[in-house]
Amino acid sequence: MELLVSLVTIINAGANALGSFFLSPIALLPGWISINIISAVLGVLLLLIFKYTSNQKTISRIRDDIKANMLAIKLFKGSISVAFKSQRKIFFASFKLLFHSIVPMLVMILPVSFILSQMGMWYQARPVQLNDDPIIVKMKLNDGLEVWPEVTLQTGQAIQNIIGPVRVLSKKEIYWKIKPIQNGYNSLIFKVGTESIKKQLATGDGFMRLSNKRPGQNIADIFLYPLEKPIPRDSIVHSIIIDYPSRDSRMYGTNWWLIYFFIASMMFALIFKPFLKVRI
């Protein structure tokens with residue numbers, strides 16, 4: 002598991018560098034434009050990957066067989082035997098198509114997953130605005146903790162600590178309520194015993210790259226929240242979470258962006274499929 006954590010962390014570092022370059026126009030464009038551009042570009046790229054990682058000749062032959070059997074059903078409506086035979090062939094041909102899609106899907110699934118993690122840093126939540134209500138910050142400590150350490154939060158001049166630390170002993174959690182007073186990227190510095198752990202806070206309007214959580218050693222969290230390095234294994238801190246406001250949009254808002262991206266990218270792929278001569 003430790004090796005896997007290190008591997009994903011290294012990949013995240015590379016993905017962050019690429020994402021900061023290729024996705025940086027999101028900060029300058031309206032959300033509906035950026036999400037559609039990304040959907041179109043990735044839809045076409047994934048279509049090309051499918052074309053060159055699948056057996057297009059075999060898929061084309063299977064598609065032709067399906068069309069022939071569907072035509073047979075129409076032409077021989079009165080023959081039950083022909084209809085059942087053609088339906089059986091269509092059924093098995095559909096499974097053959099699914100089988101021939103496995104390799105392209107395996108090739109695409111990992112890079113697409115990392116791309117979605119990068120997109121989530123822009124669309125899943127919005128940055129805190131100066132006129133927002135104070136937000137909650139939660140620190141989760143590891144379960145093996147026996148003695149609670151001394152914990153303090155250093156916010157600097159750009160952030161005001163309203164309430165905290167508030168300890169919830171039963172859950173091994175510590176809470177703060179903070180309010181930013183300056184726009185930009187600022188650091189929350191947590192002093193936990195002899196440790197010093199940072200968490201980035203994004204404040205401003207529009208789109209900013211941000212992460213709700215600085216993860217610990219949980220591999221799923223490291224994958225979903227790639228912006229910041231995971232908290233070291235020997236730390237008593239499990240994770241730090243900022244309760245960023247949700248982004249309100251049915252197209253590029255919290256959770257909705259993912260649904261829209263999948264639908265839009267498939268639509269763009271279908272539009273460009275005849276021009277790129279891809280059989281699916």
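Residue numbers for the sequence shown follow our numbering, beginning at 2 and rising by one.
We treat Cβ as the ideally placed atom computed from N, Cα and C, and that holds for glycine.
Note that the structure is predicted; figures quoted are calculated from it, not measured.
- Rounded to the nearest angstrom, the Cβ distance from Lys173 to Lys141 is 7 Å, consistent with a contact under 8 Å.
- In the structure shown, Ala126 falls within a coil segment according to DSSP collapsed to helix, strand and coil.
- Per DSSP, the beta bridge partners of Pro181 are Ile160.
- Nearest to Val193 by C-alpha distance, out of Ile272, Asp235, Phe276 and Asp206, is Asp235.
- In the DSSP annotation of this structure, the continuous segment of the alpha helix (DSSP H) that includes Ser95 starts and ends at Ile81 to His101.
- Of the candidates Arg280, Tyr226 and Ala270, Tyr226 places its Cα closest to the Cα of Ala14.
- Annotated three-state conformation of Gly165 is strand, per DSSP.
- The beta carbon of Ile163 lies closer than 7 Å to those of Pro135, Lys178, Ile179 and Lys180 in the same chain, with the five residues before and after it left out.
- If you ignore the 5 residues before and after Leu170, its C-beta comes within less than 8 Å of the C-beta of Trp149, all in its own chain and listed in chain order.
- Residue state for Glu3 is assigned as helix, using DSSP reduced to three classes.
- Bounds of any alpha helix (DSSP H) do not take in Ile237, whose DSSP letter is neither H nor E.
- Going by DSSP, Ile198 is part of the beta strand (DSSP E) stretching over Glu196 to Thr204.
- Per DSSP, Ile63 is one residue of the alpha helix (DSSP H) stretching across Gln57 to Leu76.
- Counting C-beta atoms within 10 angstroms of its own C-beta, Met120 has 16 or more neighbours from the protein chains shown and is therefore classed as buried.
- DSSP, reduced to helix, strand and coil, places Tyr253 outside both helices and strands of the structure shown, so it counts as coil.
- For Lys139, the beta-bridge partners assigned by DSSP are Tyr176 and Ile242.
- Spatial neighbours of Arg280 in its own chain (CB-CB distance under 7 Å, excluding positions within 5 residues in sequence) are listed in chain order as Gln57, Ile60, Ser61 and Arg64.
- Nearest Cα to Ile243 within the set Glu147, Ile137 and Ala28: Ile137.
- Nearest to Ser102 by alpha-carbon distance, out of Tyr53, Ile232 and Phe22, is Tyr53.
- Within the DSSP secondary-structure output, Thr54 pairs in no beta bridge.
- Tyr245 places its beta carbon less than 8 Å from that of Leu211.
- Nearest C-alpha to Gln183 among Gly165, Val167 and Ala203: Ala203.
- Leaving aside the five residues that flank Lys97 on each side, the residues in its chain whose CB is nearer than 7 Å to its CB run, in chain order, Ile63.
- Between the C-alpha atoms of Ser118 and Met109 there is a straight-line separation of about 14 Å.
- In the three-state reduction of the DSSP assignment, Asn219 falls in the coil class.
- If the five residues before and after Asn132 are omitted, its C-beta is found closer than 7 Å to no C-beta atom of its own chain.
- With respect to the 8 Å criterion, Met267 and Gly44 are classified as neighbours on the basis of their beta carbons.
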